[in-house]
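**Student:** Residue numbers (the numbering used here): 45 to 277.
Here it is, the structure in full.
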Amino acid sequence: MRLGILAALTFALLAFAACARDPCAGGDAQGHDACLLAQAAQRHDASLCAGVAADALRTVCYTDLARATGDASACARIADNRSAAFCASDAAVAGSDVGGCERVSLPGARDKCLDRLARNLTRADLCGEMAAGGYRDTCAYDISADAEDADACMFIGDAQLRGNCLFMRALSRGDASLCARITDAQWKDWCTLNAAAKAGESATCGSIGNVTVQRLCEQLIAQRNATANGTAQ
Numbered sequence: 045m046r047l048g049i050l051a052a053l054t055f056a057l058l059a060f061a062a063c064a065r066d067p068c069a070g071g072d073a074q075g076h077d078a079c080l081l082a083q084a085a086q087r088h089d090a091s092l093c094a095g096v097a098a099d100a101l102r103t104v105c106y107t108d109l110a111r112a113t114g115d116a117s118a119c120a121r122i123a124d125n126r127s128a129a130f131c132a133s134d135a136a137v138a139g140s141d142v143g144g145c146e147r148v149s150l151p152g153a154r155d156k157c158l159d160r161l162a163r164n165l166t167r168a169d170l171c172g173e174m175a176a177g178g179y180r181d182t183c184a185y186d187i188s189a190d191a192e193d194a195d196a197c198m199f200i201g202d203a204q205l206r207g208n209c210l211f212m213r214a215l216s217r218g219d220a221s222l223c224a225r226i227t228d229a230q231w232k233d234w235c236t237l238n239a240a241a242k243a244g245e246s247a248t249c250g251s252i253g254n255v256t257v258q259r260l261c262e263q264l265i266a267q268r269n270a271t272a273n274g275t276a277q
């Protein structure tokens with residue numbers, strides 16, 4: 045009798061221990077994996093992801109956990125290097141961790157991380173840490189437009205796009221001094237004309253190199269002032 049009770053208690057304890065290790069014990073494999081994903085997310089427990097049978101779902105489990113917590117430590121358990129890198133990228137973005145982005149080993153994942161974080165934090169200098177090319181330039185251009193930040197334009201590598209960026213900031217502010225940063229002489233002159241005309245500053249026209257554009261600048265401002273004076277009278 046006593047032995048039977050002890051056996052029953054032992055079995056119960058073993059069953060309890062098994063459930064503690066695997067809260068999703070029982071059921072089919074697909075349901076078991078889905079349960080572990082939910083439990084790992086709820087408990088923020090990466091150890092539960094290890095029990096997920098399907099490789100793809102196990103990666104999702106670790107990545108979702110890293111994204112939810114901003115902690116990239118779970119990503120180190122992912123076997124596939126590319127998936128692990130993008131997992132670390134997601135964790136860094138979630139945690140606003142610049143250093144986390146910089147530590148991502150895969151260039152594509154690192155750039156994606158820096159791009160997203162630069163936009164979230166409105167930091168064009170992070171765009172400048174990306175590999176040269178279209179993504180870096182678009183990152184800096186967009187931040188410049190969203191934040192009305194002329195300094196962000198200077199992280200753009202492509203001279204034409206950088207000039208366009210500075211042109212737009214100069215025009216929106218009526219600040220011809222920004223045009224001086226444009227390397228293309230023609231773009232610089234037209235930028236100065238438009239910014240000076242918006243601000244109504246005829247003296248600024250004198251900094252335009254092309255004489256024809258300079259005279260046009262002075263004429264436009266003179267006409268605008270005359271129209272304004274006539275309306276005022």
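For glycine and all other residues, C-beta sits at the position ideal for the given N, C-alpha and C.
All values derive from a computational prediction rather than experimental measurement.
1. Please state if the CB of GLY139 and the CB of GLY177 are separated by a distance shorter than 8 angstroms.
2. Rounded C-beta distance between ALA168 and ASP155? I'm assuming under 8 angstroms.
3. Please name the residue, chosen from LEU92, GLY75, ALA85, GLN74, that lies closest to ASP66 on a Cα-to-Cα basis.
4. Excluding sequence positions up to five away, which residues of its chain have a Cβ less than 8 angstroms from the Cβ of HIS88?
5. Run through DSSP, which three-state label would HIS76 get?
6. Just to check my reading of the structure: ILE187 and CYS209 have Cβ atoms closer than 8 angstroms, yes? What is that Cβ distance to the nearest angstrom?
7. Between which two residues does the alpha helix (DSSP H) harbouring PHE199 extend?
8. Where does MET174 sit, in a helix, a strand or coil, going by DSSP?
9. Buried or exposed: which applies to GLY253, given that a residue is buried once 16 or more other Cβ atoms fall within 10 Å of its Cβ?
**Tutor:** Let's see:
1. For the purposes of this step, residue 177 is taken as residue 133 along the sequence shown, with counting starting at 1. For the purposes of this step, residue 139 is taken as residue 95 along the sequence shown, with counting starting at 1. For GLY177 and GLY139, no; Cβs fall outside 8 angstroms.
2. Here residue 168 refers to the residue found at position 124 of the sequence shown. Here residue 155 refers to the residue found at position 111 of the sequence shown. So it is not a contact: roughly 14 angstroms between Cβ atoms.
3. Translated into the one-based positions of the sequence shown, residue 66 becomes position 22. For the residues LEU92, GLY75, ALA85, GLN74, the minimum Cα distance to ASP66 belongs to LEU92.
4. If you number the sequence shown from 1, residue 88 lands on position 44. Taking HIS88 as the centre and dropping the five residues before and after it, the same chain places the C-beta of LEU109, ALA112, THR113 closer than 8 angstroms to its C-beta, in chain order.
5. Here residue 76 corresponds to residue number 32 of the sequence shown, with the count starting at 1. Helix.
6. Mapped onto the sequence shown, residue 187 falls at position 143. Mapped onto the sequence shown, residue 209 falls at position 165. Between the beta-carbon of ILE187 and that of CYS209 there is about 10 angstroms, and that puts the pair past the 8 angstroms contact cut.
7. If you number the sequence shown from 1, residue 199 lands on position 155. Where PHE199 is concerned, there is no enclosing alpha helix (DSSP H), given that its DSSP letter is neither H nor E.
8. As a position in the sequence shown, residue 174 is number 130, starting the count at 1. Coil, per DSSP.
9. Numbered from 1 along the sequence shown, position 209 holds the residue referred to as residue 253. Its Cβ having fewer than 16 others within 10 Å, GLY253 is exposed.
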